[in-house]
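Colleague:
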Amino acid sequence: MTDDSESEPRDDQPHPLGGNTYHQEVQHSPATARIPDAVSRGVFSTGAIVMHGAHDFVIDFVQSLAPPRRVVARIALPPSVMPLFVGALQENLRKYNQSFGAIPRMPAPPPGAGPANPPPPITDVYEQLKLPDDMLSGAYANTVVISHSPAEFCFDFVTSFYPRSAVSGRVYLATPHVPELLDSLTRAMEQFRQKMQQRPPQPPPSPE
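Here my numbering = 1-based position in the sequence shown + 2.
1. Might you give, ordered along the chain, the residues of its own chain that have their beta carbon closer than 8 Å to the beta carbon of ILE105, omitting 5 neighbours on each side?
2. Buried or exposed for LEU91, going by 16 or more other Cβ atoms inside 10 Å?
3. Please report how far the alpha carbon of ARG166 lies from the alpha carbon of VAL88, in whole angstroms.
4. Within 10 angstroms of its Cβ, does ARG172 collect 16 or more other Cβ (buried), or is it exposed?
5. How would you call SER149, buried or exposed, if buried means at least 16 neighbouring beta carbons within 10 angstroms?
6. Here's the rule I'm using: 16 or more other beta-carbon atoms within 10 Å means buried, otherwise exposed. How should ILE158 be labelled?
7. Evaluate the contact criterion for the region 62–80 versus the region 191–199: three or more CB pairs, one atom per stretch, below 8 Å.
8. Within 10 angstroms of its Cβ, does GLU8 collect 16 or more other Cβ (buried), or is it exposed?
9. What residue ranges within the region 48–127 form continuous beta strand (DSSP E) runs of no fewer than 3 residues, ordered along the chain?
10. Cα separation between ALA78 and SER139?
11. With a Cβ-Cβ cutoff of 8 Å, do VAL73 and LEU131 count as a contact?
12. When DSSP labels each residue in this structure, what does PRO201 get in the three-state scheme?
13. To the nearest angstrom, report how far apart ARG201 and PHE102 are at their CA atoms.
14. Quick check: what's the CA-CA separation for ILE37 versus ASP136?
15. With ASP158 as the anchor, note down where its beta strand (DSSP E) starts and where it stops.
16. ALA176 lies in the beta strand (DSSP E); which residues open and close that run?
17. Buried or exposed: which applies to ARG40, given that a residue is buried once 16 or more other Cβ atoms fall within 10 Å of its Cβ?
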């Protein structure tokens, strides 16, 4: 597949040589996304923390096999991408079950860490995590491509910008961790929707 973009501006758009700015709609296929060398090796994660604000979702992929626990990838997604991400992950899990059988679930948490106990404040969580300065702003993505093998899932987070889509982050998760990621994404998306419904309607801008 190739990028599908308009090669000439329409009549209602200024020509690129006739002014300083112009606008044009472009479309990309994430299947042709460029994979930079710094991203191609990817990072291995053992879990994720999903957060949302008024305008975006942030996913911190965490590695906790050995101390110190650290954030190995931070991905920022616009709200319009989250339902597509959740739907694609659900479809990948369905195909995985058809090909390889049911995914083994992770062991139950120890006593005192179950759902009956409230989670710790997010400030306490991040006091125990190492978050490098160069990762504070994260990597933006407006497309997610998911693939899987029997043992792991690969998430390619893609920026679809002209003239070429590119992978901004690549994360691997062991298969048993993937249903947990889906649960976290789904809960965050539902919380975001509820907050948006509770917001009072914004008045239209006053005429000048």
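By construction, the Cβ of each residue, glycine as well, lies at the ideal position given by its N, Cα and C atoms.
Modeller: A quick look at the data gives this:
1. Result list for ILE105: LEU95, TYR98, ASN99, THR177, PRO178, VAL180, PRO181, in chain order.
2. Buried is the call here.
3. One alpha carbon belongs to ARG166, the other to VAL88, and they sit about 25 Å apart.
4. With 16 or more other Cβ atoms inside 10 Å of its own Cβ, ARG172 counts as buried.
5. Taking all protein chains in view, the Cβ of SER149 is surrounded by fewer than 16 other Cβ atoms within 10 Å, so the residue is classified as exposed.
6. A small correction: the amino acid at residue 158 is Asp; Ile does not occupy that position in the sequence shown. For ASP158, the number of other beta carbons within 10 angstroms of its own is at least 16, and it is reported as buried.
7. Fewer than three beta-carbon pairs drawn from the region 62–80 and the region 191–199 are found closer than 8 Å, and the two stretches are therefore not classed as touching.
8. Any reading at GLU8 must be qualified, since the residue scores a pLDDT of 40, below 50, and its modelled position is unreliable; the value itself is stated next. Exposed, since its Cβ has fewer than 16 Cβ neighbours within 10 Å.
9. You should have 49–54, 59–65, 72–79.
10. Each residue's Cα considered, the two are about 8 Å apart.
11. Yes.
12. The sequence given here has Arg at residue 201, not Pro. In the three-state reduction of the DSSP assignment, ARG201 falls in the coil class, being assigned neither a helical nor a strand state.
13. Approximately 44 Å between the Cα atoms of the pair.
14. Roughly 20 Å separates the two Cα atoms.
15. Per DSSP, ASP158 belongs to the beta strand (DSSP E) from 154–161.
16. That run of the beta strand (DSSP E) goes 168–176.
17. According to the sequence displayed, residue 40 carries Ala and not Arg. That one is exposed.
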